Amino acid sequence: MAKRITIDPITRIEGHLRIDCEIDNGKVINAWSSGQMWRGIEIILQGRDPRDAPTYTQRICGVCTTVHALASVRAIENALKLEVPLNAQYIRNLIIAAHAVHDHIVHFYILSALDWVDITSALKADPRKTAQLAESLSSWHRNHVQEFKAVQDKLKAVVDSGQLGIFANGYWGHPAMKLPPEVNLLAATHYLQALEYQRKANMIVSILGSKTPHVATLVPGGVSCAVNPESPAALNTERLFYIKSIIDDLGDFVRQVYLVDVCAVGALYADWTKYGAGVTNYLSVPELPMDTKGTVFRLPGGYIKNGDLKTFTPITSYQDDFFREGVKESIKHSWYEGEWTKHPWDETTQPRYTGFQDKGKYSWVKSPCFYDQPAQVGPLANVLCMYAAGHAPTRKYVEQALGLVSKLAGTQVGPEALHSTIGRHAARAIRCAVFMDELQVQWQALVDNIAKGDLAVCTPYPIRPGESRGFGFHEAPRGVLSHWIVIDSNRIKNYQAVVPSTWNACPRNHHDAPGPYEASLVGNPVADPERPLEVLRTVHSFDPCLACAIHLHDPRGRVLTQVRAL
Ligand code: NFE
Ligand code: MG
């Protein structure tokens, strides 16, 4: 008889995601994804000056804060037909790329690697053999025996103390953990190094955003950081070259450590290329605009149907009709009043909690659809779309990664392996390498433009009578983010955020078709239902963020905090 398990919360951060699975004969046969917290930021925005949106929407999340600032300023610029000066585009692009690199490094090492890497097994490794293995894979300058030995001693001291701290509660010794001790020590060492390098990437965000999380410099029409090569109070030559030194330092870690580790883990867990494909309609949007209007982009985006790269349809500008007309959200299975499917500009947000009903409403997350179909978003969708569009750097890193996986696995592995749980990790590392290259490109573009004497950073904000509608999109670390705004006489009349984790973590839609998390879990093996490591693997591979996907909620109905919208 099928056994039902509930995992709640299922993530290491933003822990408001509940996953229920039915398991029969060692396999998942049915799954439900449920967002357990509602925030109400979209309601708090009603009646405010649109210029407040970047400040409020960034508080949707503590992880991907910059992304909501970007989507909101782009939505306002779209509604008010504002152009953005080149310096501002390049500065925003640097923030986007640095944030993505930081986010992806944190996801792989800190949020998901321990689903694959057994920390306790690293204690059994021979540090010399680990160093030999590491040198055969990469020329990373910190892959030496002393570093591996020092990490092993540190891990041993933690285990001997009996207080496992961040390593408590792992499924150590689980039968699905397959890496040899030397690979576990290698990954554990890079886990600790990753903490240093993600911080460097975030320093770029804090210099250009004036702080992080929740940057303060993104405003409708541009950025609020003054550019002047000679002023100590502005973004000057010294700051620019400091940013350049961080970019140079980071690149080695991404290409020689992160990308290589993901390939090694992928090759040693090759069976995970068969699980977790789920919804194979892939949606992404173009990113890193290089003109003032948002019609020329460094990175392509678009839509792929049913996993067939030949169906790729590009999305090409901030005015793109195909994207604007395609997005709708359904609430048939979500805790809101009614049972509609609507375009974001026409939506309402009226919460109505009715408990978890398997066949009824069971989540605070709405169900987005693209032309009536569920779609997977995120690094995999992004990489497949860039690959289908013929984007050369993406093709280069895909080939490099698959080449290394094939060599290590001893069998030819092609791009079709990417439609899987492990493929989402590979795609994220590939995307990270592409963004690393783009940091150099964007830095050079900014320096060259300033050298021409252009110091403009912002277009003045116009106050217009009457109604205007706008949308802004951004290819965020977890995928397509779009904000939709209706402005009436400089007040927000309606605001809807359709967020990456909403696309992926959604419940069944108006046709009762499962969302990407739900579909990707069906067929996954589960060796021990009491310790469902495999379910964690597939869900974590999407990098869930439920704070994004959906105001404080208490299961006993107590009010935890009240926010007065002034
Ligand atoms: Ni809170 Fe985020 C957004 C999501 S970024 S992490 O938008 O989902 O990828
Ligand atoms: Mg929303």
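In this text, residue positions in the sequence shown follow my numbering: the first is 21, and each later residue adds one.
Virtual Cβ for every residue (Gly too), placed ideally from N, Cα, C.
Model, not experiment: these values are computed from the prediction.
Where residue i falls, given that 16 or more other Cβ within 10 Å makes a residue buried
i              : result
threonine 441  : buried
arginine 112   : buried
aspartate 163  : The identity of residue 163 in the sequence shown is asparagine, whereas the question assumes aspartate. Label assigned to asparagine 163: buried.
glycine 375    : exposed
lysine 176     : exposed
arginine 4     : Residue 4 lies beyond the stretch modelled for the chain, which goes from 21 to 586, so this question has no answer here.
glutamate 167  : buried
alanine 99     : buried
tyrosine 262   : exposed
glutamate 367  : buried
lysine 144     : exposed
isoleucine 186 : exposed
arginine 148   : exposed
alanine 188    : exposed
serine 181     : exposed
serine 265     : exposed
proline 575    : In this prediction, proline 575 has a pLDDT of 40, which is less than 50 and means its spatial position is unreliable; nothing more can be read from the coordinates.
Between the CA atoms of residue j and residue i - distance to the nearest angstrom
i              : j                 : result
tyrosine 339   : glycine 314       : Strictly speaking, residue 339 in this sequence is glutamine, with tyrosine absent from that position. Approximately 8 Å, taken between the alpha carbons.
lysine 220     : leucine 270       : 7 Å
valine 282     : isoleucine 450    : 10 Å
glutamate 258  : leucine 466       : 14 Å
threonine 581  : tryptophan 365    : In this predicted model, threonine 581 has a pLDDT of only 45, less than 50, meaning its place in the structure is not dependable; the value taken from the coordinates is given anyway. Cα to Cα, threonine 581 sits roughly 29 Å from tryptophan 365.
lysine 231     : phenylalanine 562 : 27 Å
leucine 206    : glutamine 152     : 11 Å
isoleucine 248 : tyrosine 481      : With the sequence shown as reference, residue 248 is identified as asparagine, and isoleucine is not the correct amino acid for it. Spanning the two alpha carbons is a distance of roughly 22 Å.
lysine 362     : lysine 348        : 5 Å
isoleucine 507 : glycine 60        : 19 Å
valine 87      : proline 394       : 22 Å
glutamine 48   : glycine 535       : Reading the sequence as shown, one finds valine at residue 48 and not glutamine. Cα to Cα, the separation comes out at about 15 Å.
tyrosine 278   : leucine 90        : 27 Å
glycine 35     : threonine 85      : 17 Å
glycine 543    : valine 179        : 36 Å
glutamate 538  : histidine 530     : 15 Å
threonine 26   : tryptophan 504    : 34 Å
DSSP-derived helix/strand/coil call for residue i
i             : result
arginine 576  : Confidence is the limiting factor: at arginine 576 the pLDDT is only 47, short of 50, which leaves the residue's position unreliable and the question unanswerable from this model.
aspartate 311 : coil
tyrosine 382  : coil
histidine 571 : Bear in mind that the predicted position of histidine 571 carries a pLDDT of just 30, short of 50, making it unreliable; the figure below should be weighed with that in mind. Three-state result, histidine 571: coil.
glycine 486   : coil
lysine 23     : strand
leucine 586   : At leucine 586 the pLDDT is 41, less than 50, meaning the model places this residue with poor confidence and gives no usable figure here.
leucine 37    : strand
glutamine 432 : coil
arginine 79   : coil
glutamate 250 : coil
alanine 51    : strand
arginine 511  : strand
aspartate 28  : coil
histidine 439 : coil
serine 159    : coil
leucine 319   : strand
aspartate 532 : coil
glutamate 216 : helix
glutamate 202 : helix
valine 137    : coil
valine 299    : coil
glutamine 460 : helix
Distance between beta carbons of residue j and residue i, contact taken as under 8 Å
i             : j             : result
serine 158    : glutamine 276 : 5 Å
glycine 55    : serine 387    : That pair is no contact at about 11 Å.
valine 104    : glycine 241   : 7 Å
leucine 215   : threonine 479 : About 39 Å; that fails the 8 Å criterion.
isoleucine 30 : valine 559    : 6 Å
alanine 525   : leucine 37    : 6 Å
isoleucine 43 : proline 399   : Going by Cβ atoms, the distance from isoleucine 43 to proline 399 rounds to 28 Å, so no, they are not a contact pair.
Contact under 8 Å by Cβ, residue i with residue j
i                 : j              : result
valine 454        : proline 413    : yes
glutamine 66      : tyrosine 515   : yes
methionine 57     : leucine 566    : yes
glycine 321       : serine 304     : yes
serine 540        : glycine 298    : yes
valine 477        : asparagine 107 : yes
glutamate 345     : isoleucine 351 : no
glutamate 202     : threonine 140  : no
histidine 353     : glycine 380    : yes
tryptophan 52     : aspartate 378  : yes
alanine 12        : glycine 430    : A query on residue 12 cannot be resolved here, the shown segment of the chain reaching from 21 to 586 and no further.
phenylalanine 491 : alanine 95     : yes
tyrosine 289      : leucine 553    : no
leucine 319       : proline 306    : yes
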